[in-house]
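*Asks:* Residue 2 is where the sequence shown starts when you use this note's numbering, and the numbers rise one by one after that.
Sharing a structure here in structure tokens format.
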Amino acid sequence: MTSELKLRGVPATHLILFVLMSAPAALFGQEVAPPAPAASQPAADAATPAPTKRQLEAAEANYLAGAQLLDRNDLTKAQAKFEKAAKLNPKNLDYAAAVALAREHRVTDLVHQAGKARLMGKTEKADALLAEAAALDPQNTIASQHIGSESAAPTFRPQIQTQPESEIGEPLRQRPALAGPITLVPDSGTRTLHSRGDTRDVVRQVVSAYGIRPVFDDSVEHQQLRFDLDDAPYGQAAAAVFQMAHVFAVPVDSRSILVIKDSRENRQRYERQLEETIYIPGLTQEQMTELRTVANSVFDIQKASIQNSSGTLVVRAPQSTLTALNLTLADMLDGGAQVLLDLRLYAVDRTKTRQIGTTLPTQFGIYNAAGEAHNLVVANQSLVNQAIAQGLIPATASDIEIALALISSGLVQSTLFSSTLGFFGGGATLTGLTATPNQASFQLALNSSDTRAVDNLQLRLGDRQAGTFRAGTRYPITTGTFTSGVSATPAQLAGVTINGVSASSLLAQTSTVTVPQIQYEDLGLTLKATPTVQKSGLIKLEVDLKIEALAGSSLNDIPILASRQFVSNLTVHDGETTLLASSLSKQESAAINGLPGLGELPGFQTATANKTTETDTSELVLLITPHVVRRRSNIIAGPRIALNMQSTD
Numbered sequence: 002m003t004s005e006l007k008l009r010g011v012p013a014t015h016l017i018l019f020v021l022m023s024a025p026a027a028l029f030g031q032e033v034a035p036p037a038p039a040a041s042q043p044a045a046d047a048a049t050p051a052p053t054k055r056q057l058e059a060a061e062a063n064y065l066a067g068a069q070l071l072d073r074n075d076l077t078k079a080q081a082k083f084e085k086a087a088k089l090n091p092k093n094l095d096y097a098a099a100v101a102l103a104r105e106h107r108v109t110d111l112v113h114q115a116g117k118a119r120l121m122g123k124t125e126k127a128d129a130l131l132a133e134a135a136a137l138d139p140q141n142t143i144a145s146q147h148i149g150s151e152s153a154a155p156t157f158r159p160q161i162q163t164q165p166e167s168e169i170g171e172p173l174r175q176r177p178a179l180a181g182p183i184t185l186v187p188d189s190g191t192r193t194l195h196s197r198g199d200t201r202d203v204v205r206q207v208v209s210a211y212g213i214r215p216v217f218d219d220s221v222e223h224q225q226l227r228f229d230l231d232d233a234p235y236g237q238a239a240a241a242v243f244q245m246a247h248v249f250a251v252p253v254d255s256r257s258i259l260v261i262k263d264s265r266e267n268r269q270r271y272e273r274q275l276e277e278t279i280y281i282p283g284l285t286q287e288q289m290t291e292l293r294t295v296a297n298s299v300f301d302i303q304k305a306s307i308q309n310s311s312g313t314l315v316v317r318a319p320q321s322t323l324t325a326l327n328l329t330l331a332d333m334l335d336g337g338a339q340v341l342l343d344l345r346l347y348a349v350d351r352t353k354t355r356q357i358g359t360t361l362p363t364q365f366g367i368y369n370a371a372g373e374a375h376n377l378v379v380a381n382q383s384l385v386n387q388a389i390a391q392g393l394i395p396a397t398a399s400d401i402e403i404a405l406a407l408i409s410s411g412l413v414q415s416t417l418f419s420s421t422l423g424f425f426g427g428g429a430t431l432t433g434l435t436a437t438p439n440q441a442s443f444q445l446a447l448n449s450s451d452t453r454a455v456d457n458l459q460l461r462l463g464d465r466q467a468g469t470f471r472a473g474t475r476y477p478i479t480t481g482t483f484t485s486g487v488s489a490t491p492a493q494l495a496g497v498t499i500n501g502v503s504a505s506s507l508l509a510q511t512s513t514v515t516v517p518q519i520q521y522e523d524l525g526l527t528l529k530a531t532p533t534v535q536k537s538g539l540i541k542l543e544v545d546l547k548i549e550a551l552a553g554s555s556l557n558d559i560p561i562l563a564s565r566q567f568v569s570n571l572t573v574h575d576g577e578t579t580l581l582a583s584s585l586s587k588q589e590s591a592a593i594n595g596l597p598g599l600g601e602l603p604g605f606q607t608a609t610a611n612k613t614t615e616t617d618t619s620e621l622v623l624l625i626t627p628h629v630v631r632r633r634s635n636i637i638a639g640p641r642i643a644l645n646m647q648s649t650d
């Protein structure tokens, strides 16, 4: 039997989490209770009254409204809508599944908010958020783990899965838990201290004044000290005397300390360390590595490990060092800004061609009419004889009359007479004037093309984060060829044989393989931008725009690329549209084809000449509008954190 689960209107990202929630518990190492007998299901369904049509419509409307709220990350209202839909139609399993999905999303969101509050030092708020998450889903392991592992003073408490009281045995209820770090409780108030003598005596007198009992390690050196301090609390007095004596103290209980010589070996051996998991989601692998470098170099934390898959940084160090690390990371992570770049690129290409005028003949010729007619008659004498015999042409007709009769009847075709413009002269001097055929024409034409392209790009980038956008194709260009094989040279191998076979014939059988070397070029639009949000609110942009296309010609069979590139640094206001680049090219050409002299006179060009005018324009405009969608803090420097540096002796 195959079961199918459908959530209408729920984004795919939410469905992935729901599939994990709906997976059998056995996949996560938990025991699954056996399902109820199938026979009891019909009875339960029969006991539940069928919802009315109005209830079904209301349930569907609440479900769709909850899906929209879930897509807008309004988890509280989305859960309320899903619960209302499930109440109106309890038989629809999709509604119950949507309620579980919204509840788990709320628990996850509360855990993330608690982790951020913990980094900011808001312990009470973090505990309240975790308590709210546990109240929503007591069985959620993520919320229960965070409640036990994240506290103001980190205390390790093993997590025990909640079970009914009857299933918890006496040994399990009395299971011991590891205690947290020892907290020293000195007497409050200030003291005036004046002490002279050996190191141990001076330290004992100072700490004993606040009710603390010191125990000295053998590594503490003996030297003479003079200590004078007025009206000082325990923290100030202890720090001063420990620094003068070159020692540090480790609490044994709330009223006792172990005093040891301050050295790297002793601190690694005696100083108590805590382990903490810091959740840093949304960072790349390089950024996580940089955070670990900060922990190692700045805070001298040698035990630091990153988990890129889960976005966590696990560190082990003294409590004071962990507190300083948390404050630093909170300031670093919360100080980032995000910018949305709205870029619009307008490209307009226009081509307009006009052709107006009259094309007159430019080549003329003359010929003797009698001579050309005689040549035509002689060339077609048989046709002439037949026409005279049939009475079509008089026997006394002249050559001109016979030639005109043959041409008019269609028996003979002559391009000379068909291109004749007229005759002048008379008798034997009758001369014909000819012009080039099909050359005279009247032109009235307009050819116009208009191409417009608008590219609207949006890039969301972090502060000082470089982003690249490419739109186009990758065009292969052959940069070289490599030929493998041997070419035959019959002249040099004449008479050479190998095992009785001619060497020339063997070489002729070998194949030659030519392998091209291909380099791909990015054709189209490439945009690189790096925004920087300044303290004043202005946005500094580093823009690199490149438009590359084929030029339509080639050099040595290698295509030529037409490239436009714009590189600039500019500073603009938030939401202010700026014109970054404007390119305008215009080409005009005109050609006149006509008679010399007349074609050049104003007013006679249209009647005696053919004028062709071509205009090409190309415009490119780039507009960019930055929007700050997340602002960082306007402070110049973060909080100053006091660190007790370890001795390097």
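Built from N, CA and C at the ideal position, the CB exists for glycine as well.
1) Measure the beta-carbon distance from ILE258 to LEU185 and round it to whole angstroms, keeping in mind my assumption that it falls under 8 Å.
2) Looking at GLN459 and LEU623, is the spacing between their C-beta atoms short of 8 Å?
3) Suppose only complete runs of 3+ residues qualify. What are the beta strand (DSSP E) ranges in the stretch 271-324, listed by chain order?
4) For THR527, which residues in the same chain have their Cβ closer than 6 Å to its Cβ, ignoring the five residues on either side in sequence?
5) Excluding the five sequence neighbours on either side, which residues of its own chain have a C-beta within less than 8 Å of the C-beta of ASP558, listed in chain order?
6) Put ARG1 into one of helix, strand or coil per three-state DSSP.
7) In the structure shown, what three-state DSSP assignment does ALA592 receive?
8) Reducing DSSP to helix, strand and coil, say where LYS587 ends up.
9) Can you tell me the Cα-Cα spacing of SER321 and VAL544, whole angstroms?
10) Under the rule that 16 or more other beta-carbon atoms within 10 Å means buried, what is GLN80, buried or exposed?
11) Only counting the same chain, and skipping five residues up and downstream in sequence, which positions put a Cβ closer than 7 Å to that of GLN535?
12) Use the C-beta contact count for HIS106: other C-beta atoms within 10 angstroms, 16 or more gives buried, fewer gives exposed.
13) Does the separation of the CB atoms of ASP199 and VAL260 fall below 8 Å?
14) Is it buried or exposed, ARG262, if we count other Cβ atoms within 10 angstroms and call 16 or more buried?
15) Figure out for me which residue from ILE625, TYR476, ARG641, THR53 has the closest Cα to the Cα of VAL340.
16) In whole angstroms, what separates the C-alpha of PHE300 from that of GLU276?
17) Check whether the Cβ atoms of THR616 and LYS353 sit closer than 8 Å, and answer yes or no.
18) Which residues mark the beginning and the end of the alpha helix (DSSP H) in which ALA81 is found?
19) With distances taken Cα to Cα, identify the nearest neighbour of GLN244 among VAL207, ARG214, LEU551, GLN269.
20) Alpha carbons only, please: which of SER503, ARG632, ALA550 is nearest the one belonging to PRO532?
21) Do we get a CB-CB distance below 8 Å when we pair PHE470 with the residues of chain B?
22) If you follow the alpha helix (DSSP H) that THR432 is part of, which residue opens it and which one closes it?
23) For LEU412, which residues from the same chain have a beta carbon less than 6 Å from its beta carbon, with the 5 sequence-adjacent residues on both sides left out?
24) I'd like to confirm the pairing. Which residues does DSSP put opposite GLN224 in its beta bridges?
25) Under 8 Å: do the stretch 86-97 and the stretch 121-130 share three or more Cβ pairs, one atom per stretch?
26) Less than 8 Å between the beta carbons of ALA436 and SER415, yes or no?
27) Could you tell me the boundaries of the beta strand (DSSP E) in which GLN237 lies?
28) Once DSSP output is grouped into helix, strand and coil, what is the label at GLN387?
29) Are the CB atoms of ALA406 and LEU377 nearer to each other than 8 Å?
30) Which residues bound the alpha helix (DSSP H) around ASP72?
31) In three-state terms, what does DSSP make of ILE540?
32) Tell me the DSSP secondary structure of ASP232 in three-state form.
33) Give the straight-line distance between the Cα atoms of ALA51 and ALA59, rounded to the nearest whole angstrom.
34) My guess is that SER298 and ILE183 are in contact by the Cβ rule of under 8 Å, so how many angstroms apart are they, rounded?
35) Might you give, ordered along the chain, the residues of its own chain that have their beta carbon closer than 6 Å to the beta carbon of THR469, omitting 5 neighbours on each side?
36) DSSP state of ASN448, grouped into three classes?
*Replies:* According to the data block:
1) 7 Å
2) no
3) 275-280, 304-308, 313-318
4) ARG471, LYS547
5) THR479
6) Nothing in the structure corresponds to residue 1, since the chain is present only between 2 and 650.
7) strand
8) strand
9) 44 Å
10) buried
11) LYS541
12) buried
13) no
14) According to the sequence displayed, residue 262 carries Lys and not Arg. Flag for LYS262 reads buried.
15) ILE625
16) 15 Å
17) yes
18) 76-89
19) VAL207
20) ARG632
21) Protein chain content of the structure displayed is limited to a single chain, and chain B is not contained in it.
22) That residue, THR432, is in no alpha helix (DSSP H); its beta strand (DSSP E) goes 432-436.
23) LEU384
24) Beta-bridge pairing links GLN224 to no other residue.
25) no
26) no
27) Run containing GLN237: none in the beta strand (DSSP E); it sits in the alpha helix (DSSP H), 235-246.
28) helix
29) no
30) 54-72
31) strand
32) strand
33) 14 Å
34) Not a contact, Cβ separation roughly 30 Å.
35) LYS529
36) strand
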